[in-house]
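Chemist: Next up is a structure, given as structure tokens.
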Amino acid sequence: MTLPFALRALAGILWRELLRFLQQRERFFAALVRPLVWLLVFAAGFRAALGVSIIPPYQTYITYETYIVPGLIGMIQLFNGMQSSLSMVYDREMGSMRVLLTSPLPRWYLLFCKLAAGAFVSVLQCYAFLIIAVLFGIPLPWSGFAAALPALILSAFMLGAFGLLISSLIRQLENFAGVMNFVIFPTFFLSSALYPLWKMQEANLLLYRLCAANPFTHAVELIRFALYLRVNWLALVVVMGATAVFGAGAVLGYDPRRGLVRRQTG
Amino acid sequence: MTAANPATDPAPVLAFRKVGYGYGARAALSDVSFDVPPGRVTLLLGPNGAGKTTLFSLACRLLALQTGDISLLGASTARSGSEVLRPLGIVFQQTTLDLDLSVHQNLRYFAALHGLTRAEADQRMEAELERIGMAGRIGEQVRALNGGHRRRVEIARALLTEPRLLLLDEPTVGLDQPTRRTLVAYLHQLARERGIALLWATHLFDEAEPGDAVVVISNGQVRAAGSFEAVISANGGTNLEDAFARLTREPANEPAGAAP
Numbered sequence: 001m002t003l004p005f006a007l008r009a010l011a012g013i014l015w016r017e018l019l020r021f022l023q024q025r026e027r028f029f030a031a032l033v034r035p036l037v038w039l040l041v042f043a044a045g046f047r048a049a050l051g052v053s054i055i056p057p058y059q060t061y062i063t064y065e066t067y068i069v070p071g072l073i074g075m076i077q078l079f080n081g082m083q084s085s086l087s088m089v090y091d092r093e094m095g096s097m098r099v100l101l102t103s104p105l106p107r108w109y110l111l112f113c114k115l116a117a118g119a120f121v122s123v124l125q126c127y128a129f130l131i132i133a134v135l136f137g138i139p140l141p142w143s144g145f146a147a148a149l150p151a152l153i154l155s156a157f158m159l160g161a162f163g164l165l166i167s168s169l170i171r172q173l174e175n176f177a178g179v180m181n182f183v184i185f186p187t188f189f190l191s192s193a194l195y196p197l198w199k200m201q202e203a204n205l206l207l208y209r210l211c212a213a214n215p216f217t218h219a220v221e222l223i224r225f226a227l228y229l230r231v232n233w234l235a236l237v238v239v240m241g242a243t244a245v246f247g248a249g250a251v252l253g254y255d256p257r258r259g260l261v262r263r264q265t266g
Numbered sequence: 001m002t003a004a005n006p007a008t009d010p011a012p013v014l015a016f017r018k019v020g021y022g023y024g025a026r027a028a029l030s031d032v033s034f035d036v037p038p039g040r041v042t043l044l045l046g047p048n049g050a051g052k053t054t055l056f057s058l059a060c061r062l063l064a065l066q067t068g069d070i071s072l073l074g075a076s077t078a079r080s081g082s083e084v085l086r087p088l089g090i091v092f093q094q095t096t097l098d099l100d101l102s103v104h105q106n107l108r109y110f111a112a113l114h115g116l117t118r119a120e121a122d123q124r125m126e127a128e129l130e131r132i133g134m135a136g137r138i139g140e141q142v143r144a145l146n147g148g149h150r151r152r153v154e155i156a157r158a159l160l161t162e163p164r165l166l167l168l169d170e171p172t173v174g175l176d177q178p179t180r181r182t183l184v185a186y187l188h189q190l191a192r193e194r195g196i197a198l199l200w201a202t203h204l205f206d207e208a209e210p211g212d213a214v215v216v217i218s219n220g221q222v223r224a225a226g227s228f229e230a231v232i233s234a235n236g237g238t239n240l241e242d243a244f245a246r247l248t249r250e251p252a253n254e255p256a257g258a259a260p
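Chains A and B, in that order, give the protein sequences.
Numbering of the first sequence is given in the numbering used here, commencing with residue 1 and proceeding in unit increments.
Numbering of the second sequence is given in the numbering used here, commencing with residue 1 and proceeding in unit increments.
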């Protein structure tokens with residue numbers, strides 16, 4: 001695999017993913033409306049009930065809406081990762097996955113390209129949401145927009161790799177709805193996306209430990225700190241480690257020795 | 001067992017040697033050996049469930065070999081890197097085009113996966129679509145095309161990389177008779193005029209022409225291999241259909257359905 005060849009393949013996969021995304025306008029609106037409903041309705045309702053004390057990276061009291069913005073960005077990325085996973089299962093069912101897997105490129109590289117394409121689309125959605133959040137009066141430092149980019153890319157890779165791993169384990173499109181329920185909701189609610197972990201620690205120690213062990217919590221914290229120009233080193237290490245583990249699992253899952261291609265008669 | 005005569009024919013483009021494959025305890029292929037000669041059509045004839053698709057999936061590495069070896073232009077597909085697939089063009093049984101993209105977008109995506117520049121890709125797709133009578137449909141969404149047109153686009157796509165070998169898994173299934181005849185003639189022309197080797201899985205005898213190589217497979221085993229004429233005469237038939245019926249007849253005491 002030469003460098004120009006690798007780059008052409010990467011550009012081709014990115015281009016296809018972007019084309020598909022632009023053609024699915026409903027997907028873009030759903031990706032934005034979902035967190036906006038949480039931000040403008042749910043957070044407004046809980047603002048009075050939930051007080052957020054001063055915790056890093058914040059240096060003053062903040063509103064609940066401000067607190068959940070990084071969590072909602074994580075939500076966008078989580079849904080996008082699952083959407084990429086669904087798209088892989090769909091491609092496999094429709095047969096177009098074979099075109100990808102029979103190209104003269106190493107399988108790990110093809111999966112990396114798919115991840116990069118998913119991350120690209122995911123980051124675009126995150127920035128669209130951040131701009132809308134600022135327009136609705138959420139105070140975010142503009143410099144944080146640029147500082148958050150590496151964190152957004154890294155967390156998009158982690159959640160994309162998680163989605164790829166799941167797609168390698170799903171044999172049929174019909175099974176996907178169950179996975180969405182059993183994966184997305186626990187991942188999202190057992191995290192620091194909606195409430196600071198110290199509040200969870202006060203409420204239930206076991207749940208707190210589950211939240212603290214959840215890589216999604218660390219993705220959210222990585223983004224939260226980056227938005228305020230700070231680095232959460234623990235979150236960075238956990239997100240990088242989880243990306244490596246999920247990515248390796250996906251490569252194994254798409255190994256032909258495990259019989260990815262469903263048995264067909266002929 | 002060879003479809004070509006090794007004494008007179010040049011080195012095979014694709015060679016199967018004692019290939020075996022099973023889905024769990026169930027054997028799909030057993031001791032399959034034959035060669036695909038260059039510049040010629042090799043028909044892989046077999047009833048449904050004979051193991052043709054499994055054989056194709058092994059040749060293009062969608063499945064991993066369990067026993068035996070497959071070599072493509074002399075390189076073992078199992079022991080080589082992914083580059084080994086470069087001389088290969090594939091038309092799968094199931095449509096593999098992205099229905100939501102246009103013909104042009106589908107072909108450009110494929111070209112990128114095979115390392116072609118945009119200029120090369122555009123030039124070749126124009127030529128291939130022109131040859132197969134689809135140049136005027138290049139901007140259309142694939143979803144709007146009928147089955148025959150989709151199949152033509154897939155053949156044009158497989159030829160974009162100028163392959164030495166084209167694998168075709170039942171490419172005419174589901175097509176009407178005139179479309180089928182046109183495609184069969186076009187594919188034979190590819191072998192004659194462009195020197196491409198074709199391995200063509202089918203269960204339709206009328207797709208074979210005199211001069212083709214024929215491999216008959218049934219229950220995961222090669223029953224006969226040789227030239228079109230040799231397979232007919234060696235099995236006491238007057239035509240390929242007779243020979244095929246004799247070769248694939250189930251012995252009364254053999255359990256049916258041992259292959260997928």
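Cβ coordinates follow ideal geometry from the N, Cα and C atoms, glycine included.
Keep in mind it's a predicted model, so treat the numbers as computed, not measured.
From B:Glu162, B:Ala191, B:Ser71 and B:Arg150, pick the residue whose C-alpha is nearest to that of arginine 180 of chain B; which is it?
Modeler: Taking the first residue of the second sequence as 1, we reach residue 180 of chain B at position 180. When each option's Cα is compared against that of arginine 180 of chain B, the closest is B:Arg150.
Chemist: Going by Cα to Cα distance, which pick from B:Val32, B:Phe56 and B:Asp69 is closest to arginine 98 of chain A?
Modeler: On the first sequence, position 98 is the one that residue 98 of chain A refers to. Comparing Cα positions, the closest option is B:Phe56.
Chemist: Cutting at 8 Å between CB atoms, please list the residues of its own chain near alanine 119 of chain A, excluding the five before and the five after it.
Modeler: Walking along the first sequence from the start, residue 119 of chain A turns up at place 119. Closer than 8 Å at the Cβ level, and outside the excluded window around alanine 119 of chain A, lie Ile153, Ala156, Phe157 and Gly160.
Chemist: In chain order, which beta strand (DSSP E) runs of at least 3 residues are fully inside the segment 86-147 of chain B?
Modeler: As far as the segment 86-147 of chain B is concerned, its whole beta strand (DSSP E) runs of at least 3 residues are 88-91.
Chemist: Comparing alpha-carbon positions, which option in A:Tyr67, A:Lys199 and A:Gln125 lies nearest isoleucine 138 of chain A?
Modeler: If you number the first sequence from 1, residue 138 of chain A lands on position 138. The residue with the shortest Cα to Cα distance from isoleucine 138 of chain A is A:Tyr67.
Chemist: Taking 8 Å as the cut-off, does the segment 120-127 of chain B touch the segment 68-86 of chain B (at least 3 CB pairs, one atom from each stretch)?
Modeler: Judged by Cβ distances under 8 Å, the segment 68-86 of chain B makes no contact with the segment 120-127 of chain B, as fewer than three pairs qualify.
Chemist: In three-state terms, what does DSSP make of tyrosine 67 of chain A?
Modeler: For the purposes of this step, residue 67 of chain A is taken as residue 67 along the first sequence, with counting starting at 1. Looking at tyrosine 67 of chain A - three-state DSSP - the assignment turns out to be helix.
Chemist: In the DSSP output, what is isoleucine 138 of chain A paired with across the bridge?
Modeler: Here residue 138 of chain A refers to the residue found at position 138 when the first sequence is read from its first residue. Note: isoleucine 138 of chain A sits in no beta bridge, so no partner.
Chemist: What in chain B is Cβ-close to leucine 86 of chain A, meaning under 7 Å?
Modeler: Taking the first sequence and counting its residues from 1, the one referred to as residue 86 of chain A is at position 86. Result: empty, since nearest Cβ-Cβ is about 15 Å, beyond 7 Å.
Chemist: Note down, in chain order, each residue of its chain lying with its Cβ closer than 7 Å to the Cβ of glycine 259 of chain A, except the 5 sequence neighbours on either side.
Modeler: In the first sequence, residue 259 of chain A corresponds to position 259, counting from 1. Per-residue confidence for glycine 259 of chain A stands at a pLDDT of 49, beneath the threshold of 50, marking its modelled position as unreliable; the derived number appears in the next sentence. Cβ within range, chain order: n/a, list empty.
Chemist: On the DSSP bridge assignment, give the partners of valine 36 of chain B in chain order.
Modeler: On the second sequence, residue 36 of chain B is found 36 positions in, with the first residue counted as 1. Valine 36 of chain B pairs with B:Leu14.
Chemist: Just to confirm my understanding: we take threonine 265 of chain A, look at its own chain, exclude 5 residues before and 5 after, and list those with CB closer than 6 Å. What are they?
Modeler: Stepping through the first sequence from its first residue, residue 265 of chain A is reached at position 265. Per-residue confidence for threonine 265 of chain A stands at a pLDDT of 38, beneath the threshold of 50, marking its modelled position as unreliable; the derived number appears in the next sentence. There are no such residues.
Chemist: For methionine 88 of chain A, which residues of its own chain have a beta-carbon under 6 Å away from its beta-carbon, when the five flanking residues on both sides are left out?
Modeler: If you number the first sequence from 1, residue 88 of chain A lands on position 88. For methionine 88 of chain A, where only same-chain residues beyond five positions count, the Cβ hits under 6 Å are Ser167.
Chemist: Which chain B residues sit within Cβ distance under 7 Å of arginine 20 of chain A?
Modeler: Position 20 of the first sequence, counting from 1, holds the residue named residue 20 of chain A. Chain B residues near arginine 20 of chain A: Asp100.
Chemist: Please check if any C-beta of chain A sits within less than 9 Å of the C-beta of glutamate 162 of chain B.
Modeler: As a first step, residue 162 of chain B must be located in the second sequence, where it is residue number 162. Not an interface residue.
Chemist: Give me the Cβ distance between histidine 188 of chain B and isoleucine 138 of chain B, rounded to the nearest whole Å; I'm assuming they're in contact under 8 Å.
Modeler: Against the second sequence, residue 188 of chain B aligns to sequence position 188. Against the second sequence, residue 138 of chain B aligns to sequence position 138. Wrong, their Cβ atoms sit about 25 Å apart, outside the cutoff.
Chemist: Examine the ligand NAP and report whether any of its heavy atoms sits within less than 8 Å of the Cβ of glycine 137 of chain A.
Modeler: In the structure shown, the ligand NAP is absent, as is every other ligand, since no ligand is present at all.
Chemist: Any idea what DSSP makes of arginine 164 of chain B, helix, strand or coil?
Modeler: For the purposes of this step, residue 164 of chain B is taken as the residue at position 164 of the second sequence. In the structure shown, arginine 164 of chain B sits in coil (DSSP, three-state: anything other than H, G, I, E or B).
Chemist: Taking contact to mean 3 or more Cβ pairs, one atom from each stretch, closer than 8 Å, check whether the segment 161-170 of chain B and the segment 85-93 of chain B are in contact.
Modeler: Contact between the segment 161-170 of chain B and the segment 85-93 of chain B is present, because at least three Cβ pairs lie under 8 Å.
Chemist: Quick one, which residues of the segment 90-102 of chain A are near chain B if we go by CB-CB under 9 Å, in chain order?
Modeler: The residues in question are Asp91, Met94, Gly95, Ser96, Met97, Arg98, Val99, Leu100, Leu101 and Thr102.
Chemist: Of all the options A:Gly81, A:Phe136 and A:Tyr127, which has the alpha carbon lying nearest to the alpha carbon of valine 37 of chain A?
Modeler: Position 37 of the first sequence, counted from the start, is the residue given in the question as residue 37 of chain A. Ranking the options by Cα distance to valine 37 of chain A, first place goes to A:Phe136.
Chemist: Should leucine 252 of chain A go down as buried or exposed, given a rule of 16 or more other Cβ atoms within 10 Å for buried?
Modeler: Here residue 252 of chain A is taken as the residue at index 252 of the first sequence, counted from 1. Flag for leucine 252 of chain A reads exposed.
Chemist: Output the boundary residues of the beta strand (DSSP E) element that contains isoleucine 217 of chain B.
Modeler: Reading the second sequence from its first residue, position 217 is the one you call residue 217 of chain B. Looking at the DSSP string, the run of the beta strand (DSSP E) that includes isoleucine 217 of chain B is 213-218.
Chemist: Could you work out which residue in B:Ile217, B:Thr95 and B:Ala15 is closest to threonine 248 of chain B when comparing CA atoms only?
Modeler: On the second sequence, position 248 is the one that residue 248 of chain B refers to. Nearest option by C-alpha distance: B:Ile217.
Chemist: Identify whether tyrosine 228 of chain A lies in helix, strand or coil by the three-state DSSP scheme.
Modeler: The residue you call residue 228 of chain A lines up with position 228 of the first sequence. Three-state DSSP puts tyrosine 228 of chain A in coil, outside helix and strand.
Chemist: Is the Cβ of phenylalanine 110 of chain B closer than 9 Å to any Cβ of chain A?
Modeler: Here residue 110 of chain B refers to the residue found at position 110 when the second sequence is read from its first residue. Closer than 9 Å to some Cβ of chain A, the Cβ of phenylalanine 110 of chain B qualifies, so yes.
Chemist: List the residues that DSSP assigns as beta-bridge partners of leucine 43 of chain B.
Modeler: As a first step, residue 43 of chain B must be located in the second sequence, where it is residue number 43. DSSP, once it has assigned bridges, lists B:Trp200 and B:Val214 as partnering leucine 43 of chain B.
Chemist: Rounding to the nearest angstrom, what Cα-Cα distance links arginine 16 of chain A and arginine 27 of chain A in this structure?
Modeler: By 1-based counting over the first sequence, the position of residue 16 of chain A is 16. By 1-based counting over the first sequence, the position of residue 27 of chain A is 27. Each residue's Cα considered, the two are about 15 Å apart.
Chemist: Among residues of its own chain, excluding the 5 on either side of asparagine 214 of chain A, which ones have a beta-carbon nearer than 7 Å to its beta-carbon?
Modeler: As a position in the first sequence, residue 214 of chain A is number 214, starting the count at 1. If we look at asparagine 214 of chain A and ignore the five residues flanking it on each side, its Cβ neighbours are Thr187, Leu190 and Ser191.
Chemist: What three-state label does DSSP hand isoleucine 70 of chain B in the structure shown?
Modeler: Working through the second sequence from its first residue, we reach residue 70 of chain B at position 70. Three-state result, isoleucine 70 of chain B: strand.
Chemist: Below 8 Å on the Cβ atoms is my guess for glutamate 170 of chain B versus threonine 96 of chain B; work out the distance and round it to an integer in Å.
Modeler: Mapped onto the second sequence, residue 170 of chain B falls at position 170. Mapped onto the second sequence, residue 96 of chain B falls at position 96. Rounded, the Cβ-Cβ distance is 13 Å, inconsistent with contact.
Chemist: Please report the distance separating the alpha-carbon of alanine 230 of chain B from that of tyrosine 21 of chain B.
Modeler: Position 230 of the second sequence, counted from the start, is the residue given in the question as residue 230 of chain B. Position 21 of the second sequence, counted from the start, is the residue given in the question as residue 21 of chain B. The alpha-carbon atoms of alanine 230 of chain B and tyrosine 21 of chain B are separated by roughly 28 Å.
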